[in-house]
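A.B. asks:
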Amino acid sequence: YVPGWDCHGLPIELQVEKKHGKVGEKLSASEFRAACRDYAMAQVEAQREDFIRLGVLGAWDRPYLTMDPSYEAEQVRAFARIIENGHLHRGYKPVHWCLDCGSALAEAEVEYQDKQSVAVDVKFDVVDEAAFYACLGSDSSGPVGVPIWTTTPWTLPANQAVALGADLDYVVVDAEIDGRTERLLLAEGLAEVALGRYGADRVSRIAEIKGSVFRGLELKHPFYDRTVPVILTDFVTLEAGTGAVHIAPGHGHDDFAAGVENDLPLDNPVDGRGVYIDGTGLFAGNHIYKANGAIVELLRESGHLLADVKFEHSYPHCWRHKSPVIFRATPQWFVSLDQNGLRDASLAEIETVDWIPAWGKQRIEGMVAGRPDWCISRQRTWGVPITLFTHRETDELHPDTPRLLEEVAQRMEADGIDAWFDLDPADLLGDDAKHYQKVTDTMDVWMDSGVVHHCVAAAFDEVTSPADLYLEGSDQHRGWFQSSLLTSVAMNGHAPYRAALTHGFTVDDKGHKMSKSLGNQVVPQKVINVLGADILRLWVAATDYSAEMSVSDEILKRMSDSYRRIRNTARFLLGNLHGYEPAQHAVPVGEMVELDRWAVSRAAALQESILRAYDRYEFHLIYQELHNFCVVDMGGFYLDVIKDRLYTTGENSHPRRSAQTAMMHIAEAMVRWIAPILSFTGEEIWASLPGERDGSVFFSTWYEFPGEIESTVDWKRIVSVRDGVAKVLEDLRAEEIIGSPLDASVDVYAEGQLFDELQRFGDELRFVFITSEARVLPVADRPDDAVDAGGFWVMATATSNAKCTRCWHRREEVGSVADHPGICARCADNVDGDGETRAFA
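Throughout the sequence shown, residue numbering follows our numbering, covering 21 to 861 in sequence.
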């Protein structure tokens, strides 16, 4: 993994502006870029330390930085390939424009938030009344108005037409409004609601007609001395408004398209600061938001304002400044989605990618299918320049553009982006320089990260394209996932990734977003310093990332408890493997105690499940299965049962070595399971395991279990009997009849296969139950007070036998061996004799 940082863009510029002011105030453009570079590098160094502490495995000594001259040069070469394949065009179009940024924004830089606006209904008067009534087939007369509805009154100075829906039904009505009679043209489906906004009385319907008849009708602009035509479009709907849409081609995608189709003026009267330019009648020099109120009052005074109400709606905002953006028609550079088939090719490539979760496919499909051309130009200082020369009169690219781009790329490899900004065009163009001009725009930062598939693969031999996996937050279907897809398809004809994984965002335990004002932020560095990196890593793995990811101090505390259970399991395994040498002491599978074979086979089955989950990046399932294995299978059963063998049989005895062999298999597998998640803990365990091994668990592959390890015992049934016995013993303990299970003697009454299965254990059944005595008897012999445990019966009593001081079992033969008066016969044999044998437990 080669880590990397996006180093250009507005957020860095804003930080530098806080210290040094805008370009030209204290610093030249070149000095400003140098300050941006220094700031970005400081962030890289700080973040690199955090990532290393978190245990992220990567080439941290040689990351890629999008501000490295080599990367910037490769980005220019990627740009050249996109141009060569016919996907670049320059156009005058409305783009999202942030007044705070002073720059165009791409779709990925826009987020929608609720905004309160003033919605106004404005009357456009019909110029030629006779022409209007002729459309109706009527010989009536009298003034007529066509109301439009808009939430952006400031765009009215740019109005060039009013659009109707050709197939919509319209009505002409007379209505009393503020004491005067108005004759209005409204969409039939919106008329009642619109007239309600106007406070209309005594409404009478004059005519009904389709919108198509009014094409070309001239209307009077409400405050300028000019006329505007009625046009027909397919985007007029009955969702809201009046059925008539005010068209300002300089301030909207649909409006612009309608303007082009109907040969309307495409003027944009607003500059990059949001101020009306010179020549804008009545409002030149005013900011659009300040003019909003003035426009409403002007309409009110002239009698053209039918209604004005506050209106809350979803509106595009700059994702950096959180401020409303405007649509503003400007000359920009675009990657075209349609002029050379990029949209269709990208949609086809989406089908080849494994989207995790699966809903990501539909999400990005919809976004690519419906998105406009990608505006890649920015009017900023800190970014990779659009290294093009355009003709001063025709705006056409220089005919030798491919060669020029490669020449610029070579210069940038040596001197970075200043090689372009400081370039005298004559150095490259010679006499042609007087006919061509340098483009001064920079590239959208989504282009920087979008071509990482090319730039990093060019610099690092170990990186190939397409990548196995791209992963990012759920907002990146319109961001990095999409910019990477579009650039890769434009350059190479294929997606840059085989799989794309989406994760949710962190929220608190109540589902609220993190914020300083709410005081619910969880700072990763603090978690690492207090709890350790592995706790944070375990929380990430344990949380279903396909949805929002809840985190709080309480959640992390619970995660610490879960971690402790996993760690304690590992500690038990390692502690009891002391003195075990695999090469000398391993017991062959066929000779292992049945319970040990079960434990190893259970681990082998779990490994198959864990590997499937890793393949699907389902880390929360790995956590659940691993935690259950440690708590239930190991801590709740297996390790509990084998303690007797580990502590009471001979050091080199078969029963003990069999248990150690099983634990070794389990530990070898478990350390590999947890290493990708609990990386530091995995390394600790690896360093403590017996036997020769490489220096890091990450040099190993998944553990290979021995074959034919399945036990001949139906341990699932045995465990269910054990659970039934445990419930009866717990009742005895609650009644203070016994202090521990070893104070009890247990009889199990069973029949059929269960009877046969239990009887196989003989005296070893007591080790399964961890009682001092255990027998299996026919159901017919059960006493009346035996407890029905569901398919078998249990009778447990306190035993009066003496307690062995060595194994703590209460046995009748305690004291029968003269040399060892305080221990049982089994322990005496384990101390001085050949030692006991075990077949089952």
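Don't be surprised by glycine CBs; every beta carbon is placed ideally from N, CA and C.
Provide the residue span of the alpha helix (DSSP H) that contains Asp-145, from first to last.
C.D. replies: Along the sequence shown, read from residue 1 onward, the residue named residue 145 stands at position 125. Run containing Asp-145: none in the alpha helix (DSSP H); it sits in the beta strand (DSSP E), 130-146.
A.B. asks: Applying the criterion that 16 or more other CB atoms from any shown protein chain within 10 Å of the CB defines a buried residue, is Gly-272 buried or exposed?
C.D. replies: To locate residue 272, count along the sequence shown from 1; it is residue 252. Burial call: buried.
A.B. asks: With a threshold of 7 Å on Cβ separation, who are the neighbours of Ser-158 within its own chain once the five nearest residues in sequence on each side are excluded?
C.D. replies: For the purposes of this step, residue 158 is identified with residue 138 of the sequence shown, where counting begins at 1. So the list reads Ala-227, once near-sequence residues are dropped.
A.B. asks: What does a CB cutoff of less than 7 Å around Ile-32 pick up in its chain, not counting 5 residues either side in sequence?
C.D. replies: Counting from one through the sequence shown, the residue named residue 32 turns up at place 12. If we look at Ile-32 and ignore the five residues flanking it on each side, its Cβ neighbours are Cys-56, Tyr-59, Ala-60 and Trp-402.
A.B. asks: Identify the residues that DSSP records as bridge partners of Leu-491: which are they?
C.D. replies: Walking along the sequence shown from the start, residue 491 turns up at place 471. Leu-521.
A.B. asks: For the putative contact between Leu-749 and Ala-816, defined by C-beta atoms under 8 Å, what is the C-beta separation to the nearest angstrom?
C.D. replies: For this step, residue 749 is matched to residue 729 along the sequence shown. For this step, residue 816 is matched to residue 796 along the sequence shown. Sure, about 6 Å apart at Cβ, within 8 Å.
A.B. asks: So, at 8 Å on beta carbons, what are the nonlocal neighbours of Val-373 in its own chain, with the 5 sequence-adjacent residues on each side left out?
C.D. replies: Taking the sequence shown and counting its residues from 1, one reaches residue 373 at position 353. Within the same chain, Val-373 has close Cβ partners Lys-381, Ala-515, Tyr-517, Arg-518, Ala-519 and Ala-520.
A.B. asks: Could you check what DSSP says for Leu-367 in three-state terms: helix, strand or coil?
C.D. replies: Locating residue 367 in the sequence shown gives position 347, where the first residue counts as 1. Looking at Leu-367 - three-state DSSP - the assignment turns out to be helix.
A.B. asks: DSSP state of Val-248, grouped into three classes?
C.D. replies: Position 228 of the sequence shown, counted from the first residue, corresponds to residue 248. In the structure shown, Val-248 sits in a strand (DSSP, three-state: E or B).
A.B. asks: Quick check on the burial criterion: 16 or more other C-beta atoms within 10 angstroms. Buried or exposed for Arg-830?
C.D. replies: In the sequence shown, residue 830 corresponds to position 810, counting from 1. Answer is buried; the Cβ neighbour count reaches 16.
A.B. asks: If I follow the unbroken beta strand (DSSP E) through Val-814, where does it start and stop?
C.D. replies: Locating residue 814 in the sequence shown gives position 794, where the first residue counts as 1. Element bounds for Val-814: 813-818.
A.B. asks: Ser-343: which of Leu-641, Glu-131 and Glu-771 sits nearest, CA to CA?
C.D. replies: Residue numbering aside, residue 343 sits at position 323 when the sequence shown is read from its first letter. Considering only alpha carbons, the answer is Glu-131.
A.B. asks: Here's the rule: buried if 16 or more other CB atoms are within 10 angstroms of the residue's CB, otherwise exposed. What is Pro-163?
C.D. replies: In the sequence shown, residue 163 corresponds to position 143, counting from 1. Pro-163 is exposed by the Cβ-count criterion.
A.B. asks: Tell me whether Glu-69 is buried or exposed, calling it buried when 16 or more other Cβ atoms sit within 10 Å of its Cβ.
C.D. replies: Taking the sequence shown and counting its residues from 1, the one referred to as residue 69 is at position 49. The residue in question, Glu-69, is exposed, as its Cβ has fewer than 16 Cβ neighbours within 10 Å.
A.B. asks: With DSSP collapsed to three states, give me the class of Tyr-59.
C.D. replies: Against the sequence shown, residue 59 aligns to sequence position 39. Here Tyr-59 sits in helix by DSSP.
A.B. asks: Taking C-beta to C-beta, are Arg-692 and Tyr-723 nearer than 7 Å?
C.D. replies: Within the sequence shown, numbered from 1, the residue matching residue 692 stands at position 672. Within the sequence shown, numbered from 1, the residue matching residue 723 stands at position 703. Yes, the pair counts as a contact, with Cβ atoms nearer than the cut-off.
A.B. asks: Output the residue ranges of the beta strand (DSSP E) runs that lie fully inside the region 748-831 and measure 3 residues or longer, sorted by chain position.
C.D. replies: As far as the region 748-831 is concerned, its whole beta strand (DSSP E) runs of at least 3 residues are 764-770, 793-798 and 813-818.
A.B. asks: Leu-75 and Ser-699: beta carbons closer than 7 Å?
C.D. replies: Indexing the sequence shown from 1 puts residue 75 at position 55. Indexing the sequence shown from 1 puts residue 699 at position 679. Here residue 75 is Gly; the residue named in the question, Leu, does not match the sequence. In this structure, Ser-699 lies closer than 7 Å to Gly-75 by Cβ.
A.B. asks: Quick check on DSSP: helix, strand or coil for His-497?
C.D. replies: Counting from one through the sequence shown, the residue named residue 497 turns up at place 477. In this structure, His-497 counts as helix in the three-state DSSP scheme.
A.B. asks: Note the first and the last residue of the continuous alpha helix (DSSP H) segment covering Pro-83.
C.D. replies: Along the sequence shown, one-based indexing puts residue 83 at 63. Looking at the DSSP string, Pro-83 is not in any alpha helix (DSSP H), and its letter there is neither H nor E.
A.B. asks: Distance check for Arg-826 and Gly-853, CA to CA, integer angstroms please.
C.D. replies: Counting from one through the sequence shown, the residue named residue 853 turns up at place 833. Counting from one through the sequence shown, the residue named residue 826 turns up at place 806. Each residue's Cα considered, the two are about 15 Å apart.
A.B. asks: Using the rule of at least 16 other Cβ atoms within 10 Å of the residue's Cβ for burial, across every protein chain shown, is Thr-170 buried or exposed?
C.D. replies: In the sequence shown, residue 170 corresponds to position 150, counting from 1. Buried, since its Cβ has 16 or more Cβ neighbours within 10 Å.
A.B. asks: Taking Ile-197 as part of the beta strand (DSSP E), name the residues at either end of that continuous run.
C.D. replies: Taking the first residue of the sequence shown as 1, we reach residue 197 at position 177. That run of the beta strand (DSSP E) goes 189-197.
A.B. asks: Please list the terminal residues of the continuous alpha helix (DSSP H) segment that includes Cys-847.
C.D. replies: If you number the sequence shown from 1, residue 847 lands on position 827. 845-852 is the extent of the alpha helix (DSSP H) around Cys-847.
A.B. asks: Let's test the definition: count the other Cβ atoms within 10 Å of the Cβ of Ser-504 and tell me whether it reaches 16, buried, or not, exposed.
C.D. replies: Taking the sequence shown and counting its residues from 1, the one referred to as residue 504 is at position 484. The residue in question, Ser-504, is buried, as its Cβ has 16 or more Cβ neighbours within 10 Å.
A.B. asks: With H, G and I counted as helix, E and B as strand and the rest as coil, what does DSSP make of Glu-638?
C.D. replies: What you label residue 638 is simply residue 618 of the sequence shown in a count that begins at 1. Three-state result, Glu-638: coil.
A.B. asks: Starting from Gln-35, trace the beta strand (DSSP E) both ways and give me its first and last residue.
C.D. replies: The residue you call residue 35 lines up with position 15 of the sequence shown. First-last for Gln-35: 30-40, but that is the alpha helix (DSSP H), not the beta strand (DSSP E).
A.B. asks: Would you kindly work out how many angstroms separate the C-alpha atoms of Gly-759 and Leu-659, rounded to a whole number?
C.D. replies: Taking the sequence shown and counting its residues from 1, the one referred to as residue 759 is at position 739. Taking the sequence shown and counting its residues from 1, the one referred to as residue 659 is at position 639. Their Cα atoms are separated by approximately 21 Å.
A.B. asks: Of the residues Lys-143, Lys-330, Phe-354 and Asp-298, which one's Cα is nearest the Cα of Ser-322?
C.D. replies: For this step, residue 322 is matched to residue 302 along the sequence shown. Residue Lys-143 is the option with its Cα nearest to Ser-322.
A.B. asks: Tell me whether Val-166 sits in a helix, a strand or coil according to DSSP, three-state version.
C.D. replies: Start at 1 with the first residue of the sequence shown, and residue 166 comes out as number 146. In the structure shown, Val-166 sits in a strand (DSSP, three-state: E or B).
A.B. asks: Ordered along the chain, which non-local residues of its own chain (more than five positions away) have a Cβ less than 8 Å from that of Ile-630?
C.D. replies: For the purposes of this step, residue 630 is identified with residue 610 of the sequence shown, where counting begins at 1. Same-chain partners within the cutoff: Ile-642, Glu-645, Leu-646 and Trp-693.
A.B. asks: Could you pull out every residue in the same chain whose Cβ sits closer than 7 Å to the Cβ of Gly-436, ignoring the five residues on either side in sequence?
C.D. replies: What you label residue 436 is simply residue 416 of the sequence shown in a count that begins at 1. Correct list, in chain order: Pro-89 and Glu-92.
A.B. asks: Within the same chain, show all residues whose beta-carbon is closer than 7 Å to that of Ala-848, passing over the 5 residues directly before and after it, in chain order.
C.D. replies: Locating residue 848 in the sequence shown gives position 828, where the first residue counts as 1. Excluding residues within five positions, the ones whose Cβ falls inside 7 Å are Val-837 and His-840.
A.B. asks: Report, in whole angstroms, the separation of the C-beta atoms of Ile-384 and Gln-457, which I expect to be a contact under 8 Å.
C.D. replies: Within the sequence shown, the letter at position 364 stands for residue 384. Within the sequence shown, the letter at position 437 stands for residue 457. Not confirmed; about 37 Å, so no contact.
A.B. asks: On the CB-based measure, 16 or more other CB atoms within 10 Å of its CB, does Asn-648 come out buried or exposed?
C.D. replies: In the sequence shown, counting from the first residue as 1, residue 648 sits at position 628. Classification for Asn-648: exposed.
A.B. asks: Go through its chain and collect everything with a Cβ distance to Leu-594's Cβ below 8 Å, but skip five positions before and after it.
C.D. replies: The sequence position of residue 594 within the sequence shown is 574, counting from 1. Here the set comprises Ala-687, Ile-705, Ser-708 and Leu-709.
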